[in-house]
Structure formats: C-alpha cells, structure tokens
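Contents: one structure, followed by commentary.
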Amino acid sequence: MAKRNTFREDEELEEQINLHDILRIGVYLKPYMSRIVRILAVVVMMSCIAVVVPYLTKIMIDSAIPSKNLTLLGELTGLMAVLIVMYEFGLRYRTVEITRVGQLMLKDMRRDIFTHIQTLPFSYFDSRPHGKILIRVVNYVNTLSDTLSSGLINVISDAFTFLITLVVMFVVDWRLALFSLALFPFLIAWVLILQHFQRRAYQVLSNKQSNLNAFIHESIAGVKTTQTFAQETAQFKTFQEQQNDVRTSWMKAVHIQFLMWPGIQTISVMTIAFIYYVGVTGFGAVNVSTGVLIAFVGYANNFWNPVISIGNFYNQLITCSAYLERIFETLDVQPEIRNASDATELPPIEGRVDFNDVIFRYEPDGRNILNLVDLHVKPGSTVALVGPTGAGKTTIINLLSRFYDVAEGSVTIDGHDVRSVTLESLRRQMGVMLQDTFIFSGNVRENIRYGKLDATDAEIEAAAKAVHAHEFIMDLPNGYDTVVEERGSTLSAGQRQLIAFARVLLADPRILILDEATSNIDTRTEEALQAGLNHLLKGRTSFIIAHRLSTIENADMICYIDHGQIVEQGNHAELLAKRGAYYRLYDSQYAMIKV
C-alpha cells in the first residue's frame, strides 16, 4: 500500500507485479470487448501477412527468377503488393481503434477515481499532499490507459506473430530453425538482467516526479505566504533540489534503457550472420536454397521483434503495477460515513434537533471528544455554541451533518436518527458555511448559484441583497458577471464570505450552520449582515459557532462548551446573570457589560 507522506518522501512501492491489481483492470476492458475482438482479428491478419511475405520472397528467388517465369514473378509481385497494402490498412485501423479504446478506458478510470474522491473523508486529504492525489487522477491514469490498451493488444499480436513464425520456420527447415535459436538464451538473459535495473530505475523516477508535482502544487497554493516572508529564494532552492532529483532519476533510467537496444541489435546481427554461415557452408548437414536463407532472415526479424516487444511490455507492466497500486489504494479507501443498508430518504423537516446523551471519540479506543452531550433544539431556534478552542463546538455540528457518527447516544432530526437516513437527503436540507470560504473560478453569479443550480437570476440577486452582498457586487467591474479567480483571490475575505453566505441562503436550508462565518468581516459589514439575517434566521433551525460574542447576543439559546461538555446553557441575559464561564468570556471581550 502506498505510504502517506509529504513531497519530501518517496512512496513505498511493490517491486513485483501485483497480479490481483492487473486482473482488477479487466473491469475497464470488458465494456469494449467487441472492439478489442475486431482489433485482434485485424492483428491476426497482419501476423499472417508478416509470415507469408517472406515465404513468397523464397518462391520468387528459388523458382520465378531462376526459371525467368515472368508470369509467376508478376503474380507473386502483385500478391505481395496487395498483402502489403492490406497490412498498412490494418496497421492504420489497429492504431486508430487502439487509441479510441484507450481514451474510453481513460475516461472511465478518471470518472471512477474522481467520483470516489468526492466521497472520501476529510482525513484522507489532510494526510496526503494534494499534488500526489492529482498525479494519480491525471498522469498515472494516462500511462495505464496507454499501456493496458495499446500495450496489451500489441503484446497479443506479438505473441501470435512469434508462435506462427516459429511454426513456419520449423516447417520450412527444422535444422536451420534450431540454429536460428542458438543465441536466443543470450537475448533472454540480457533482457532480464537489464529489466531488473530498469524496473527499479523507473519506479524511482515515478516517485521523484510525484514529489515534484506535489511540491509545485503546494508552492502555488502557498505563494502568498512565501512572498509575505520573502522566502522565494528558499522555495526556488527546494524546487531545484526536487527538479535535480527528477533529472538524475530520468537520466539513470534512460541510460539503462539505451543499453538494451545495442545488446539486442548485436545478438540479432550475430543471428543473421550465423544463419547465412550455416546456410552457405552447409554446417550441421543443413542444405538450403538461397530463397530459404532470405526467408529465414525475414523470419528472424519477425521472431526477434516480438520477443523484444513482449519484454518491453513486461517492463511497462511493472511500472503500471506500481501505478495501479496507488490508484487502487485510493479506490479502496472506504468513506468513513456511508448510508446504512436500510437507509431511507429524510422527508421535508421542520428542524427539531435532539442530541441524546451523545458520546463521541475519533478512535474506538481513543479519548472522548464529547461527553454525554444532551441538547434539545426547537424548530426555528437559533443556537450559539461558544467556548475555548478545541472544546468540541465544531464536532457537534459535524455530528449533526453526519461527517462523523456518534460512539454512543443519538442525534435526531424531527425524530429521525441521522444514521438511518441517506446522506444526500440529510445534507440537502442543511446549509453549512465555514470560516475557510471556497470560491470557485468563474463569475460571481455562478458561485452563488452553486447553492441551487436551477436558481434564476432574480433568486440569486434576492439572496445577495438579503445578506447585503448586492451593493459590493454591483460595484465590481461587471457586477454579477465579474470573473473571479480560483479561491476568490481577487476579493477580500469579507466579500468572499458574503458571496458564500448568499450561496447558502439560496439553497434555502431548513437547518443553517455557521462556523465562524463572520470572523473575517469588518464591524460595519458585520452590522449590515446581521440586520439582513435577522428575518432570514426566523423559521430555520440555526447553529452558530462564534468567538465574537456580539454576533450571537440575540440567539435563542447559547451553549458554553468546555472539554466536550455543555457546562452552561441559556440565553444571553440568563448566562450573564449566572456570572459563570460565559460571563467571564464576555467580560474578557468587553470592558463594560451591559446588563
């Protein structure tokens, strides 16, 4: 299994072919078997032509030319011309169809891995560089598609050509055929020795390329931090180190690869020379005609080339096995939260939420993050969760959204245990806005419409006006059609959050969750936003996590969370009157308390 690591670490890979992973790839070949069968039929035809042409050459040299039989010579020449044209047409058909099948496989594999990635838990992405995840979806899938479509069909073609050529050689002259194979063991030994080193060299190269890709992705994502701390030189130095690792690995792999062909060519030339020597001298009681010698030279090429091609395919298969290991490692990661086998659709809800003696821990034998949390929220109420960092506030809303499951107790919505309903029907009726707002590349209108894909322009503008985003949007160069960069880098933090808030409100959820949603908004913007939200929060069950207590003073219920427990609960005035934990937190933010 691939190791979880940073861009500075190589992934651990198997050095032998994993047949289980190779067989699993058959699921992507199955839908295109009819195409593959047609390609193989053409391949068989081409292999037969490759064997017939040298034999026709033998007849031409031994019979037609010595007897000056122009009719036979013309017939043989015409037949060879037809066969060569058929071969070229077959070659073109094979190339086009293999490419088409490869692209279809590539599309299917990317679809599956991308769809699966969308379901994986946050912890998967937190523990892996995003650049290494990206290279699996793009680079590795490309290589696999090429090898397992064109490579597989070619190796079948080569194997068929090898066998039929071997049979014909023994039929024509079995003694000369045996002498033609005299150097075959040396070729096998040469290929196997070099492939051992070549396989390892290309595995190291793939690791270094993956590391470089992860570093570049991380550097682009953190370019503002790099410039802020004036660390461009340090980043460039690390880039050069990663790039040099790729170059060194590449050159080593290429050097080993280039050693292959000189050795193969040497053995091939020696074989042809040996065939001529045996045929001309009659060594080993071999007595053949000139035509047979010429044919055997052609057969030798037909014989050696498939052997070399099969060896290269085996080498590619080793690299693909490493790629498959990484891809299937991703596909085999199961979502931590899945629909129960008997899960039902959550009907339209009113918004009553109950936490019934909830205990939660991340690991079965780990410490409790939440301890006997008992919370009951009426439909349409606004609940604020406050307390120190790490107290368990975000965990509570994550359990409500079912990003995690409780260890003990239950979380219910309108009496439905969240574990008994489908995730889609549950989350479709929730709106969540986090502190780290994500803005997609595109225009402002498209980003707001993400909350409801079939929303009209009027609905989009109404949502923006409700959260007081309309005014700043209209001040942009093209209003709602203004193009924003990836992650909204051309907008201020407050503007990004207002757009995201409009997106959430457009979805019109029955339960609204705001996790530090106003932390990056200035006081003036916050006041405008609060005024617009007051009537929108009515009729929805809302959960607000905030460190700025001014944003939650009007909440129906405030829960002070500490060490995974609700230590205080009540409205703003009631908690101030208790002069407890909430009072002290409020007092730390304001010098004078208005009672």
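Residue numbers (full-length UniProt numbering): 1 to 595.
A virtual CB, placed ideally from N, CA and C, is assigned to each residue, including glycine.
- Annotated as distal: Arg402 and Pro379, with beta-carbon spacing of 7 Å or more.
- Comparing alpha carbon positions, the residue from Glu325, Asp405, Phe296, Leu187 closest to Val51 is Phe296.
- Around the CB of Ser489, fewer than 16 other CB atoms lie within 10 Å, so the residue is classed as exposed.
- A straight-line Cα-Cα distance of about 35 Å links Ile337 and Ser492.
- Across the set Ile133, Val567, Met105, Leu104, the C-alpha of Ile133 shows the shortest separation from the C-alpha of Gln118.
- Under DSSP, Glu408 forms a beta bridge with Ile359.
- Straight-line measurement puts the Cα of Leu120 at about 24 Å from the Cα of Ile359.
- The DSSP-derived three-state label of Glu336 is coil.
- Counting only residues of its own chain and dropping the five nearest sequence neighbours on each side, Ile327 has a CB closer than 8 Å to the CB of Met109, Ile113, Arg136, Tyr140, Val141, Leu144.
- Runs of the alpha helix (DSSP H) lying entirely within the region 256-335, each at least 4 residues long, are 290-331 in chain order.
- For Leu370, no alpha helix (DSSP H) encloses it; the enclosing beta strand (DSSP E) starts and ends at 370-377.
- Classified as exposed, Met251 has fewer than 16 neighbouring CB atoms from the shown chains inside 10 Å of its CB.
- Annotation for Thr382: Leu537, Ser542, Ala555, Asp556 place their beta carbon closer than 6 Å to its own, counting only its chain and skipping 5 residues before and after.
- Assigned with DSSP and collapsed to three states, Gly78 falls in helix.
- Counting only residues of its own chain and dropping the five nearest sequence neighbours on each side, Ala343 has a CB closer than 7 Å to the CB of Ser420, Val421, Thr422.
- By the Cβ-count criterion, Ala500 is buried, with 16 or more other Cβ atoms from all chains shown falling within 10 Å of its own Cβ.
- Under the DSSP definition of a beta bridge, Ser542 partners with Thr382, Leu512.
- Burial check for Tyr362: the Cβ neighbour count within 10 Å stays below 16, so the residue is exposed.
- With contacts defined by Cβ atoms closer than 7 Å, Ile308 and Ile272 do not form a contacting pair.
- Looking from the CA of Val292, the closest CA among Ile275, Phe283, Gly387, Asn312 belongs to Ile275.
- Residue burial is scored here from C-beta neighbours: Ser180 has at least 16 other C-beta atoms within 10 angstroms and is therefore classed as buried.
- Straight-line measurement puts the Cα of Pro477 at about 15 Å from the Cα of Gln495.
- With respect to Met46, Gly90 sits close: the two C-beta atoms are nearer than 7 Å.
- In terms of CA proximity to Val269, Asn301 leads the group Asn301, Met80, Val288.
- Annotation: the region 46-125 contains the following complete segments of the alpha helix (DSSP H) (minimum length 4 residues), in chain order: 70-117.
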